[in-house]
Every structure is written in structure tokens, then in C-alpha cells.
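A.B. asks:
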Amino acid sequence: MHWSRQSPGGAFASSAQGSLRADAVFALPGAPVPLLFLEVDNGTETRAEVADKLHRYATFFARTEKNAFTVGGRERPLWRTVWTAPDDVAHPPVAIVFTKQMGLEAMDACMRGIAQLSSPVWQGDWGPGPNRDGEQDGFRTFEGRVPVVACRLDRL
49 MHWSRQSPGG AFASSAQGSL RADAVFALPG APVPLLFLEV DNGTETRAEV ADKLHRYATF
109 FARTEKNAFT VGGRERPLWR TVWTAPDDVA HPPVAIVFTK QMGLEAMDAC MRGIAQLSSP
169 VWQGDWGPGP NRDGEQDGFR TFEGRVPVVA CRLDRL
């Protein structure tokens, strides 16, 4: 396993193109989750600030590069120039860990607020369609979305 603290991301070319700095990055090739970006919330940032970090992750993960070393001359995600993950992993997951002690209702409100403000980053697009009984149903597609998990430190 390899992990690093305050790993830069996005500072490869221009900070204006989606700079971020993960609190930690865990890399364990071959594991069920081979790459994980970690954000620790000590209660010093607003919900909007935490949600903005998730938007910056999405921007960073969407950045691509193309150079002479790119296989087949195709663009590839810039993050793959530093970290490895299976080819079927579009974006590595981001875990938000809350360290501030607060009541369950307050924590739930905090998580829901961040989820609402960052929904374009992680929430799939709705695709309507009928079910087997002919009733209206549908599905979600998560292409281009960032997997996000949030938990309290004592539940980690």
C-alpha cells in the first residue's frame, strides 16, 4: 500500500484548470478499491466549501493529456499519469471523513447539505423507460460521475 498526505492534483500545468489538494491518497493496486482520495472535514469549512472541493475533484478527474507516450495517441485522464487504477475505473472514489463531534441530526443535515450542493458531481442522470408491467420506470447512468462516500471518523 502506498499513501501520501496533501497530494497535489491539478497543479500539473495550471492551477486555474482545476487545482486541488487531497488530504490523503491511498493507492493499493489489486485491492477492491485500488485508489482512494480522502478529504478530512474537521468542522472548519462550510458545507459549500466541502461541496466545492467535490466539484474541483470532478474538474480534475475530467482533465486529459496527450503526449508521445500516450498509448495509441489517445488522450488519457491526467490523474492516470500519477496513479494507476483498473481501466474500467472512470474516476477514483473520494471519501469525506468528518472528525467534528456533533449530534446525529446535525451530522445528517451536514451530509445532506453537502450532497445537495454537490449532486451534479455524483448523482446519475435519469433515463426513463417502462418496466416489465408497462408502467413508467427508469434507471440512472453514472458515466462521468465521481463516486463519493461520507462517514464519521468513528465509523471509519
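Those letters in the sequence shown? Residues 49 to 204, by the working numbering.
Cβ atoms here follow ideal geometry from the backbone N, Cα and C, with glycine treated the same way.
#1: Where do the N-terminal and C-terminal ends of the alpha helix (DSSP H) with W127 fall, by residue?
#2: So, does the region 159-177 touch the region 188-196, judging by three or more C-beta pairs under 8 Å?
#3: For S63, which residues of its own chain have a beta-carbon under 7 Å away from its beta-carbon, when the five flanking residues on both sides are left out?
#4: DSSP three-state label for A70, please.
#5: Rank A198, A154, G192, L152 by C-alpha distance to the C-alpha of V142 and give the top, closest one.
#6: Does the region 152-160 come close enough to the region 99-114 to have 3 or more Cβ pairs within less than 8 Å?
#7: Reducing DSSP to helix, strand and coil, say where D100 ends up.
#8: Over what stretch of residues does the alpha helix (DSSP H) that includes Q164 continue unbroken?
#9: Do Q184 and P176 come within 8 Å of each other at the CB atom, strictly closer than that value?
C.D. replies: The short version:
#1: Translated into positions along the sequence shown, residue 127 becomes position 79. Per DSSP, W127 belongs to no alpha helix (DSSP H) and is neither H nor E.
#2: yes
#3: One-based indexing of the sequence shown puts residue 63 at position 15. Caution is warranted here: a pLDDT of 49 is assigned to S63, below 50, making its placement in the model unreliable, and the coordinate value is therefore given only provisionally. Here the set comprises nothing.
#4: Sequence index remark: in the sequence shown, residue 70 carries index 22 (1-based). If DSSP states are grouped into helix, strand and coil, A70 belongs with the strands.
#5: Translated into the one-based positions of the sequence shown, residue 142 becomes position 94. Looking at the Cα atoms, A198 is the closest of the given residues.
#6: no
#7: In the sequence shown, the residue the question calls residue 100 occupies position 52. Of the three classes helix, strand and coil, the one that applies to D100 here is helix, per DSSP.
#8: For the purposes of this step, residue 164 is taken as residue 116 along the sequence shown, with counting starting at 1. Per DSSP, Q164 belongs to the alpha helix (DSSP H) from 152-165.
#9: Locating residue 176 in the sequence shown gives position 128, where the first residue counts as 1. Locating residue 184 in the sequence shown gives position 136, where the first residue counts as 1. Yes, they are a contact pair.
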